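Here's the structure, in C-alpha cells; my notes come after.
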Amino acid sequence: MDVDILFKIAGIGIVVSILSKVLDEAGRKEQAQMTTLVGVVVVLMMVIQLVAELFSKVKTMFQLY
Amino acid sequence: MEIAQIVGMGLVATILVVLIEQEKPEIALQISIVVGVIIFLMMLDKIFAVINVLKDLSQRANINSLYMSTILKIIGISYIAEFGSQICKDAGSSSTATKIEFAAKITIMVLSLPILLAVLDLILGILP
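For the protein sequence lines, the chains are A and B, in the order given.
Last residue of the first sequence? That's 117 in my numbering, and every number before it is there in order.
Last residue of the second sequence? That's 131 in my numbering, and every number before it is there in order.
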C-alpha cells in the first residue's frame, strides 16, 4: 500500500534529473538549479509526512511522551 | 510471506537508489529513508504483539511497571536514534551521526537514573 510512494519518488528523481540536464544543455543554468530545488522540496514534503507518522507511532508504542 | 515482500521491496529500492544516485544523490537518500520507514511500519503490528506479551509477563511476575516502561522508552529512543544516525552516515555526514548517538546516550542515561538509584538503595539496604 505504501510502496507506490517509492516509485513516485524514483519517478520524480528521474524526471528532475532529465529536466535539469536538458535545461543545462539549453544554457539555462539557473532554471536547471531551480528544477533541482523544486524536485527536492516536493520529495521532502512526501518523506516528511512518512517520517512524522513513524515518529508518532514509535512514540505511542514505546510510551515516549 | 511478508519477508519476501520486504526483501523484494528492499532490492527494488536499492536498484532505484543506485540508478538515481549518479544524477541526484539527494533524492536517492530520500528513497532510502522511505524504505526504512515503510519496513518499520510493516513490522509495527508484530512489535506491538511482542510488547503486549512482555507487559503481560511482567505483570504476572509482579515487576514494578516503572521498570518496564523505562525499558520500552529506552528501546524506542535507541530505535529512533539509530534510524537517524544511519541515514546521516549513509549521506556521508558521520559527524552528525555521532552527535545523534551522543544525544541518544545522554537521554537514555537520564531515563535510567531512577533505576540506578533504586539499585543503589537496595544495595545500601542489604549492607549492614
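Cβ atoms here follow ideal geometry from the backbone N, Cα and C, with glycine treated the same way.
Since we're looking at a predicted model, the values are computed, not measured.
Distances from the alpha-carbon of residue 92 of chain A to those of B:44, B:33, B:94 put B:33 closest. Per DSSP, reduced to three states, the secondary structure at residue 26 of chain B is coil, with no helix or strand assignment.
Taking a Cβ-Cβ cut-off of 8 Å, residue 97 of chain A has no neighbours in chain B, whose nearest Cβ is about 10 Å from it.
Between the alpha carbons of residue 101 of chain B and residue 28 of chain B lies a distance of about 22 Å.
A residue is called buried when at least 16 other Cβ atoms come within 10 angstroms of its Cβ; residue 113 of chain B does not meet this threshold and is exposed. The Cβ atoms of residue 83 of chain B and residue 52 of chain B lie no closer than 9 Å to each other. In the assembly as shown, residue 38 of chain B is a buried residue. Its beta-carbon has 16 or more other beta-carbons within 10 Å. In summary, residue 19 of chain B is buried, with 16 or more beta-carbon neighbours lying within 10 Å of its beta-carbon over all protein chains present.
Between residue 16 of chain B and residue 58 of chain A, the CB-CB gap stays under 9 Å. The C-beta of residue 96 of chain B comes no closer than 9 Å to any C-beta of chain A. Within the segment 27–53 of chain B, 27, 29, 30, 31, 33, 34, 36, 37, 38, 39, 40, 41, 43, 44, 45, 47, 50, 51 place their CB atoms closer than 9 Å to a CB of chain A, listed in sequence order.
Pairing residue 116 of chain B with residue 71 of chain B, the inter-Cα distance amounts to about 14 Å. CA-to-CA, the gap between residue 56 of chain B and residue 5 of chain B works out to about 21 Å.
Residue range 56–77 is occupied by the alpha helix (DSSP H) that includes residue 56 of chain A. In chain order, 98 place their CB closer than 8 Å to the CB of residue 60 of chain A, counting only its own chain and leaving out the 5 sequence neighbours on each side. Taking a Cβ-Cβ cut-off of 7 Å, the neighbours of residue 115 of chain A in chain B comprise 72, 75, 76, given in sequence order. Residue 33 of chain B sits in a helix when the DSSP states are folded into three classes. Among the residues facing chain B, residue 75 of chain A is not included, as its CB has no counterpart in that chain under 9 Å away. Close to chain B, meaning a Cβ-Cβ distance shorter than 9 Å, are the following residues of the segment 60–73 of chain A: 61, 62, 64, 65, 66, 68, 69, 70, 72, 73.
Using beta-carbon distances, residue 6 of chain B does not count as an interface residue toward chain A, since no partner is under 9 Å. With a cutoff of 9 Å on beta-carbon distance, residue 41 of chain B and residue 102 of chain A are scored as near each other.
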